[in-house]
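Residue numbers (this note's numbering), protein chains in the order written: chain X, 1 to 99; chain Z, 100 to 394. The structure appears right after this line, and notes come after that.
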Amino acid sequence: MEQKDFIPIVQLCEHYSVKISFFNELHDMGLINITTVEKTSYLHQEKISDVEKMIRIHQELNINTEGIDAVFNLLQKIDSLQNELNKLHNRLRLYENDY
Amino acid sequence: MTYIDYYKVLGITKKATENDIKKAYRKMARKYHPDLNPDDKEAEKKFKEINEANEVLSNPENRKKYDKYGKDWKHAEEFEKAQQQQQYQRGGRQGGSAQYSEQDFSDFFSSMFGGGSAGGRGRNVQFRGQDYNAELQLELEDVYRTHKRTLTVNGKNIRLTIPAGVKNGQVIKIKGYGGEGVNGGPKGDLHIKFSILNHSKFKRDKDNLYTTIELDLYKALLGGDVVVDTFDGQVKLKVKPETKNLTQVKLKGKGFPVYKKEGQFGDLYITYKIKIPTKLTTREKELFEELAKLR
């Protein structure tokens, strides 16, 4: 992992107008992974899209971090079911095209 | 243009207090928020309706106007004129929000409240548009080299550069290609998930490739050359004499390109599977027996 792939949490707090405690709570929930290097906390850039979604859910829907955790678990389940459904549809289409 | 019952949209009665409206709106928004309903057009539509209802009912002035003229929306224009006249006399108009996007509201709303936001103090909550998810199926050979591809997502053509080495299940985000924002909020993003199909003779593990080639018994015993296919053309390999079955050799840098690291490649691992000759002739049998006696 390169340093440039990480974004300081302080910068994210400023950008999204969120308190640092929000990120710490997400970290404690296991929803994000904060890496600390020389007393500065960082978040990997791959997680930005998820974090943006968590912030929206928190700010727009007044959902706390426990709720976000539950929402994300359910969204993951939906995603995997949707993928499974797509695969089955594709497979079914193969048979339907044969006849 | 049809009348919209905003109370019904929020599931409340006309007697609802400000607090009831707020509660009902929060409850409905949690149910239909685009982040919680990915790829759901119906939810997106419903979410817009809820916002419109909230825009009107959470503002006492607009609510009053809606209650008075809602069903008879055609009179709203006259009401608007009278209001404007009054405002003019008071010395100026109250401004709507500059970030308002007309297409986010129904015709009914526009007719009642004009093209801008619901006027007055204009509580204009903006929401980001829905993220769209799409899956793109590619063959392993396709992602060996960086290439461009045109995709059609929700009727829009998107020219996409697919970097070499993209992995199965990897998701890339294209900013601003998702659903329209609500109340002039930013557009959502498009997430493309790559599904890499592999019909090649190679097995891929991260950036390394694995393949098995058959080696005839004589070449395994005496050594020789074999030609191996790679994604980058054919490679001639020297087989050492007395090579054992399932020996693995590594071709450095002949694996798969490393994602977004130009010029870097994984390795190619080749396993030799020794093929035992069958349907031996009488002469061959004699020679093998002779060999056996020598051991």
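All C-beta atoms in this analysis are idealised placements derived from N, C-alpha and C, irrespective of residue type, glycine included.
Residue i - partner residues in DSSP beta bridges
i: residue 231/Z; result: 289/Z
i: residue 238/Z; result: 296/Z
i: residue 257/Z; result: 250/Z
i: residue 396/Z; result: Here chain Z covers residues 100 to 394 and nothing more, so residue 396/Z does not appear.
i: residue 6/X; result: 44/X
i: residue 356/Z; result: 364/Z
i: residue 265/Z; result: Residue 265/Z is not bridged to any residue.
Residue i, buried or exposed, once every other Cβ within 10 Å from all chains shown has been counted against 16
i: residue 248/Z; result: exposed
i: residue 216/Z; result: With a pLDDT of 47 at residue 216/Z, under the threshold of 50, the modelled position of that residue is not reliable, and the figure given next carries that caveat. Buried.
i: residue 84/X; result: exposed
i: residue 326/Z; result: exposed
i: residue 128/Z; result: buried
i: residue 109/Z; result: buried
i: residue 258/Z; result: exposed
i: residue 45/Z; result: Residue 45/Z is absent from the model: chain Z starts at 100 and stops at 394.
i: residue 387/Z; result: exposed
i: residue 287/Z; result: buried
i: residue 82/Z; result: The structure shown has nothing for residue 82/Z, since chain Z only spans 100 to 394.
i: residue 134/Z; result: buried
i: residue 12/X; result: buried
i: residue 51/X; result: buried
i: residue 391/Z; result: exposed
i: residue 340/Z; result: exposed
i: residue 68/X; result: buried
i: residue 26/X; result: buried
i: residue 302/Z; result: exposed
i: residue 105/Z; result: buried
i: residue 313/Z; result: exposed
i: residue 354/Z; result: buried
i: residue 15/X; result: exposed
i: residue 10/X; result: exposed
Opening and closing residue of the alpha helix (DSSP H) in which residue i lies
i: residue 16/X; result: 9–16
i: residue 100/X; result: In the structure as shown, chain X starts at 1 and stops at 99, and residue 100/X therefore has no counterpart that could be examined.
i: residue 134/Z; result: Element bounds for residue 134/Z: n/a, residue is neither H nor E.
i: residue 387/Z; result: 381–393
i: residue 23/X; result: 20–29
i: residue 160/Z; result: 159–168
i: residue 106/Z; result: 105–109
Beta strand (DSSP E) segment containing residue i, residue limits
i: residue 44/X; result: 40–44
i: residue 150/Z; result: Segment 140–156 is the alpha helix (DSSP H) holding residue 150/Z; no beta strand (DSSP E) there.
i: residue 312/Z; result: 307–315
i: residue 329/Z; result: 323–329
i: residue 35/X; result: 34–37
i: residue 370/Z; result: 367–374
i: residue 302/Z; result: 302–304
i: residue 348/Z; result: 347–350
i: residue 272/Z; result: 270–273
Any chain X beta carbon closer than 8 Å to residue i
i: residue 115/Z; result: no
i: residue 119/Z; result: no
i: residue 296/Z; result: no
i: residue 135/Z; result: yes
i: residue 272/Z; result: yes
i: residue 128/Z; result: yes
i: residue 364/Z; result: no
i: residue 207/Z; result: no
i: residue 248/Z; result: no
i: residue 234/Z; result: yes
i: residue 293/Z; result: no
i: residue 258/Z; result: no
i: residue 226/Z; result: yes
i: residue 125/Z; result: yes
i: residue 199/Z; result: Residue placement at residue 199/Z cannot be trusted, given a pLDDT of 37 that sits under 50; the coordinates are not used to answer.
Interface flag, residue i vs chain Z, CB-CB below 8 Å
i: residue 53/X; result: yes
i: residue 86/X; result: yes
i: residue 61/X; result: yes
i: residue 69/X; result: no
i: residue 56/X; result: yes
i: residue 80/X; result: no
i: residue 49/X; result: yes
i: residue 73/X; result: no
8 Å Cβ cutoff, residue i in contact with chain A
i: residue 155/Z; result: In the displayed structure, chain A is absent; the protein chains listed are X and Z.
For the structure I just gave you, are there three or more beta carbon pairs, one from the region 291–310 of chain Z and one from the region 361–377 of chain Z, closer than 8 Å?
yes
Contact between the region 32–43 of chain X and the region 55–67 of chain X is defined here as three or more beta-carbon pairs at a separation below 8 Å; is this criterion met?
no
Should the region 273–290 of chain Z be called in touch with the region 227–247 of chain Z, which here means at least 3 C-beta pairs below 8 Å?
yes
Inter-stretch contact at 8 Å, needing at least 3 Cβ pairs: the region 106–125 of chain Z / the region 67–83 of chain X
no
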